[in-house]
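Protein chains in written order, with the UniProt record's numbering: chain A, 1 to 511; chain B, 1 to 414.
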């Protein structure tokens, strides 16, 4: 069993690779692992890998109230981009009284949730002003702001997340390949900033549990160079400042592979599905690095891509942004891995349904298909609390329901969610977000089961999955849902009255 | 419907009662949050029930447009469609015809309005309104009334009042013919504008039909009229309405309005205010509303109200965190909506307890002290409560009086 321990013990985690049981010759082989986070009093949190990390916006799981987060068992590890808190100085979470400020400010109990922190949102593809040698440009609510490694270190050590993503100098120049010079600079900066996070300082202890983004963009050689430099013995000033480390890599607990910058500047020809293959880039980064550290890929966009990265990249964790995005657009995901044999169908299935579509107006099925196992989410398996809040001494009798009325609730129907989507009701997205996260959780449970079988099982099941669910048309279905969402949002969302007035004025002018 | 009065306040006209409908018991007085489109905005039916709610409102006009009666009937009614197992009330749709449609003409036959789909003239008759409400299947249904703004004066008010009486007869006939009177209860709506004579005539006519009407609503108010007139109309209606019928005051949602109405003998009220204001970041408390968008809450790590049992306060969500997310994240709207709905329910639950213990006047004094002590009591509330024997000012010194509506709001210090 390969094992790795991190220090200090207060926020330690252990990553064990359970299968394959010996380090295989192939660095990117699929693997089954377990991350154990030490918590007080035997309440350690175990995350079985491969698995996913729930994405957040401004510190919340989009659309889910705190009680809904707690009812969504799929949510265990939550990622927090810190940039939304930079609008005020000092950032408000750093002022939260008590220890473990990030957990308590955001309401994620340490008994149940792992929190990771990055400066930027790894799924934000908006163009940004360029970074400089001394700072990264982040997006706060008040606009772009500059963050130095020292400031990031100070914020991170103040709010005490479980995992910290090191700063990355990712050139945000959409649809344009960065020059070789820019690529070299981004590698140098990222490594230098990493060193700054790891240095012991009088003001604050060095950060631990750091995951470093593996840079190099779309250039295979540059990605290899980054990983090589990460492992070179420290020299000169850096060696003196980091006496506890032989290499920067020794100070790192895991790796982050950001897929978004690869997609924005893709040079690889897109496959038939319209989704470029990022596996070669991931492999280039990981080839020379230790096999034993957890690997996170950010911003995947389909179950197919996740399967490719598990089977050919040995990736352990992925963020869930794409399934939450699907919920924003009215898509109820419905796919299973491994594929359960059902009667042969003439056409491939999509990985979900665009519930905006009129075919669901009278569809009283649940969000998950009739064939699938019962989804445990708040939409497919709703449950009433036996103890509603009591508002007066007289109320007891009003909470007793006749047997006829107190039967267990039926699953939320597609027809109801269709109605909620078209009437711009927020609960549609709450139901879909919880549902999609649960579907994703089931998907990863299936992946772990198949990886655990070993041998050729994974490749065989992936082939069956790709046969059943069409990656390309699934993408088209998502795009159609997005257009439907935009149309309803325009007709019913914020600024509706102003738009109606403008349209009317325009009509007046033309008449 | 079974309606039973359990206790009466010995000073005011307030009463506590038990209303048993086809979907369980609702204790009165109560506030009904509005689930316009078959959902309390942002919440699931399970969350709504968990807050301790037993009666919510759906809007007929909206449900008739979407999902439409065909879908509702296929689903087995609005309860099944939205997964709500408690009591439900629907309005007649008439109010929205007038407030939302771009052109509306009221004739003796019904309300003529522009279809929001095709723009074509469409007629909503009393019979049609009842028929739509039958498809929805709410436990309480409302008659179609001829709605005029409460600021309207002149002969139109009297015409609308008489027409509402005639339409009530048509609604009763349509409802009784459907054979649904055991499951669905038709309420009459008292009209007559701000004119006491017209209100008296309307009351007289509608009370004549009492045997065929399980409950009464007071309509045509909350349209921007002066509060001093508002409470006098409510007082006039509750004085005359039959004691053994629930009374529903339409469109009332501010805390002080609710307690004054309860003191005057009102049992039920509805309003979009607590849920709508929540979406704008305003949290209701017994010390007045908090505007969470204001920067003074940015570094306050206390919950909205540490004594509140709602999911937001009891899980320790801080004002600082809410300040960070209100109007940006839907989850903030959900959190404050849950809180505000629970605030309204606590306000009314405490009223029920106080009436039962016959300490309602003291409850009123405590409420006004906590809520308005710092900014001054609205004079109309003091006057209204005096009319039913409660002097808010007794035992307090130096209480300021505020003219106008006196509603409380948290302003920024600009």
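Using N, Cα and C, we set each Cβ at its ideal position, and we do this for glycine too.
Discussion item. Does the contact criterion of 3 or more C-beta pairs under 8 Å hold for the stretch 328-344 of chain B versus the stretch 289-308 of chain B?
Written reply: Taking a cut-off of 8 Å for Cβ pairs, the stretch 328-344 of chain B and the stretch 289-308 of chain B touch, as three or more such pairs fall below it.
Item to complete: Check whether the stretch 68-86 of chain A touches the stretch 21-34 of chain A, counting contact only when three or more Cβ pairs, one atom from each stretch, lie closer than 8 Å.
Response: With the cut-off at 8 Å, the stretch 68-86 of chain A and the stretch 21-34 of chain A do not touch.
Worksheet item: Counting contacts by CB-CB distance shorter than 7 Å, is residue 272(A) in contact with chain B?
Response: Low confidence applies here, because residue 272(A) scores a pLDDT of 49, under 50, leaving its location unreliable and the question unanswered by this model.
Worksheet item: Given 8 Å as the limit, is there contact between the stretch 279-290 of chain B and the stretch 44-62 of chain A, that is, 3 or more CB pairs closer than that?
Response: Of all C-beta pairs linking the stretch 279-290 of chain B to the stretch 44-62 of chain A, fewer than three are shorter than 8 Å, placing the two stretches out of contact.
Practice prompt. Using a Cβ-Cβ cut-off of less than 7 Å, give me the residues of the stretch 48-66 of chain B that come near chain A, in sequence order.
Written response: Result list: 49, 50, 51, 52, 54, 66.
Item to complete: With distances taken Cα to Cα, identify the nearest neighbour of residue 68(A) among 306(A), 111(A), 381(A).
Response: Answer by Cα proximity: 381(A).
Worksheet item: Would you report the Cα separation of residue 374(A) and residue 353(B), rounded to the nearest angstrom?
Response: If you take the alpha carbons of residue 374(A) and residue 353(B), they lie about 43 Å apart.
Practice prompt. Go ahead and pull the three-state DSSP assignment for residue 145(A).
Written response: DSSP places residue 145(A) in strand when its eight states are reduced to three.
Item to complete: Determine the chain B residues that contact residue 58(A) at a beta-carbon separation under 8 Å, and present them in chain order.
Response: Neighbours of residue 58(A) on chain B, chain order: 324, 325, 328, 329.
Worksheet item: Excluding five sequence neighbours on each side, which residues of the same chain lie with their C-beta closer than 6 Å to the C-beta of residue 84(B)?
Response: Its chain contains 45 as the residues whose beta carbon lies nearer than 6 Å to that of residue 84(B), once the 5 sequence neighbours on both sides are disregarded; these appear in chain order.
Fill in: Nonlocal neighbours in the same chain, by C-beta distance under 8 Å from residue 71(B), ignoring five residues either side
Taken in chain order, the residues that qualify are 81.
Fill in: Simplified DSSP assignment, three categories, for residue 79(A)
DSSP places residue 79(A) within a strand segment (E or B) once states are collapsed to three.
Fill in: First through last residue of the beta strand (DSSP E) which encompasses residue 91(B)
Element bounds for residue 91(B): n/a, residue is neither H nor E.
Discussion item. With distance defined between alpha-carbon atoms, name the residue in 322(A), 148(A), 64(A) nearest to residue 330(B).
Written reply: For the residues 322(A), 148(A), 64(A), the minimum Cα distance to residue 330(B) belongs to 64(A).
Practice prompt. Let me know the alpha helix (DSSP H) ranges lying completely inside the stretch 117-202 of chain B, each 4 residues or longer, listed in chain order.
Written response: Qualifying alpha helix (DSSP H) stretches, in chain order: 126-136, 155-178.
Discussion item. So, with DSSP's three-state summary, where would you put residue 15(A)?
Written reply: Strand, per DSSP.
Worksheet entry | contact_flag[the stretch 212-220 of chain A, the stretch 156-173 of chain A] where n(CB pairs < 8 Å) is 3 or more | With a cut-off of 8 Å, the stretch 156-173 of chain A and the stretch 212-220 of chain A count as touching, because enough Cβ pairs lie within range.
Worksheet item: Beta-carbon of residue 349(B) versus every beta-carbon of chain A: anything under 7 Å?
Response: Yes, because at least one Cβ of chain A sits closer than 7 Å to the Cβ of residue 349(B).
Worksheet item: If we call anything under 7 Å between Cβ atoms a contact, is residue 141(B) one with residue 191(B)?
Response: Their beta carbons are not under 7 Å apart, which means residue 141(B) does not touch residue 191(B) by this criterion.
Worksheet entry | Euclidean distance between Cα positions of residue 178(A) and residue 363(A) | The alpha-carbon atoms of residue 178(A) and residue 363(A) are separated by roughly 49 Å.
Worksheet item: Are there three or more Cβ pairs, one per stretch, closer than 8 Å when the stretch 118-134 of chain B is compared with the stretch 93-109 of chain B?
Response: Touching, yes, given that three or more Cβ pairs across the two stretches are closer than 8 Å.
Fill in: Residue(s) in a DSSP beta bridge with residue 236(B)
According to DSSP, residue 236(B) bridges with nothing at all.
Worksheet item: At least one CB of chain A closer than 7 Å to the CB of residue 353(B): is that the case?
Response: By this cut-off, residue 353(B) is an interface position.
Fill in: For residue 274(B), the three-state DSSP class (helix, strand or coil)
Helix, per DSSP.
Discussion item. For the stretch 80-98 of chain B, list every residue whose C-beta sits within 7 Å of some C-beta in chain A, in sequence order.
Written reply: Flagged, chain order: 81, 82, 83, 85.
Practice prompt. In angstroms with no decimal places, state the Cα-to-Cα distance between residue 480(A) and residue 332(A).
Written response: When rounded, the distance between both Cα atoms is 13 Å.
Worksheet item: Near residue 396(B), which residues of its chain fall below 7 Å by C-beta distance, leaving aside the five closest residues on each side in sequence?
Response: Cβ within range, chain order: 369.
Practice prompt. Taking 7 Å as the cut-off, decide whether the C-beta atoms of residue 318(A) and residue 469(A) are in contact.
Written response: Not a contact, by the Cβ cut-off of 7 Å.
Worksheet item: Touching or not, the stretch 194-201 of chain A and the stretch 235-242 of chain A, by the rule of three or more beta carbon pairs under 8 Å?
Response: Contact between the stretch 194-201 of chain A and the stretch 235-242 of chain A is present: 3 or more CB-CB pairs across the two stretches fall below 8 Å.
Practice prompt. May I have the straight-line CA-CA distance separating residue 476(A) from residue 320(A), to the nearest angstrom?
Written response: Those two C-alpha atoms are separated by around 19 Å.
Item to complete: Would you kindly report the start and end of the unbroken alpha helix (DSSP H) that includes residue 101(A)?
Response: In the DSSP assignment, residue 101(A) falls within the unbroken alpha helix (DSSP H) covering 101-106.
Worksheet item: Along the chain, where does the alpha helix (DSSP H) that runs through residue 257(B) open and close?
Response: Run containing residue 257(B): 255-263, per the alpha helix (DSSP H) assignment.
Worksheet item: According to a CB-to-CB cut-off of less than 9 Å, which residues of the stretch 421-442 of chain A neighbour chain B?
Response: Within the stretch 421-442 of chain A, the residues whose Cβ lies closer than 9 Å to some Cβ of chain B are 422, 423, 424, 425, 426, 427, 428, 429, 430, 431, listed in chain order.
Worksheet item: Is residue 196(A) helix, strand or coil by DSSP?
Response: In this structure, DSSP gives residue 196(A) a helical state, which the three-state scheme calls helix.
Worksheet entry | Sequence-distant residues of the same chain with beta carbon closer than 7 Å to residue 85(A), five excluded per side | Hits under 7 Å: 91, 92, 93.
Worksheet item: How is the alpha helix (DSSP H) around residue 296(A) delimited, first residue to last?
Response: Looking at the DSSP string, residue 296(A) is not in any alpha helix (DSSP H); the run it does join, the beta strand (DSSP E), is 295-298.
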